[in-house]
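Novice: Next up is a structure, given as structure tokens.
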Amino acid sequence: MIQPDLLYTVLCDEVRREDNGKWILLGLFEQITTAEFPAQHPTCCIVNKWCNGEGNYSQQTRFIDQDDRVLLQSEALPFDLADLDATFTAVQMFTGLTLEGPGKIWIEILLDGDLKQRFPLRVSEARR
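Per our numbering, the sequence shown starts with residue 1, numbered consecutively.
Below is the structure:
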């Protein structure tokens, strides 16, 4: 078993797939600005691409606040890479992300329960 690499992880508003198999990612972002708090971000998607591995794995995505509390978490998503040329693209949709105040929300990507990637989603209040 050779553990895969996380080729990319992308945060966006929506994901579509063309008939030819190409992915269309709409509304890529790394910051949310809102007029007031608390607020709700209605929907977002995380796209993870795994490659260069072999074996059976499980990936999970979670949103963590500044106090290390889990705000949203996906179910564990199992996948199999038959050989080193195989790839797996995980598309996960999240709804109802609660924004309590300005700061950072951390997005974490886990492989078999181990942290593989962590990046911030900045949350700010709109200037009046």
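We treat Cβ as the ideally placed atom computed from N, Cα and C, and that holds for glycine.
Values in this document were obtained by computation on a predicted structure and should not be read as measured data.
Give me the Cα-Cα distance between Pro38 and Val123, rounded to the nearest whole angstrom.
Specialist: Each residue's Cα considered, the two are about 11 Å apart.
Novice: So the candidates are Gly96, Leu71, Ile46, Gly21; which of them puts its Cα closest to the Cα of Glu117?
Specialist: The identity of residue 117 in the sequence shown is Gln, whereas the question assumes Glu. For Gln117, the nearest C-alpha among the options comes from Ile46.
Novice: Using a 10 Å radius around the Cβ and a threshold of 16 neighbouring Cβ atoms, would you call Trp50 buried or exposed?
Specialist: Classification for Trp50: buried.
Novice: Using DSSP's beta-bridge definition, name the partner residues of Lys22.
Specialist: In DSSP, Lys22 forms no bridge with anything.
Novice: Which residues in the same chain as Ser58 place their Cβ atom closer than 6 Å to its Cβ, once the five residues preceding and following it in sequence are excluded?
Specialist: These residues qualify, in order along the chain: Ala76, Pro78, Asp112.
Novice: Going by C-alpha to C-alpha distance, which of Ala35, Ile24, Gly96, Gly101 sits closest to Asp67?
Specialist: Cα-wise, what sits closest to Asp67 is Gly101.
Novice: Quickly, what does DSSP pair Thr162 with across the bridge? List them, please.
Specialist: With the chain covering only 1 through 128, there is no way to say anything about residue 162.
Novice: For the ligand FAD, any of its heavy atoms closer than 8 Å to the Cβ of Val70?
Specialist: With respect to the ligand FAD, the structure offers nothing, as it holds no ligand at all.
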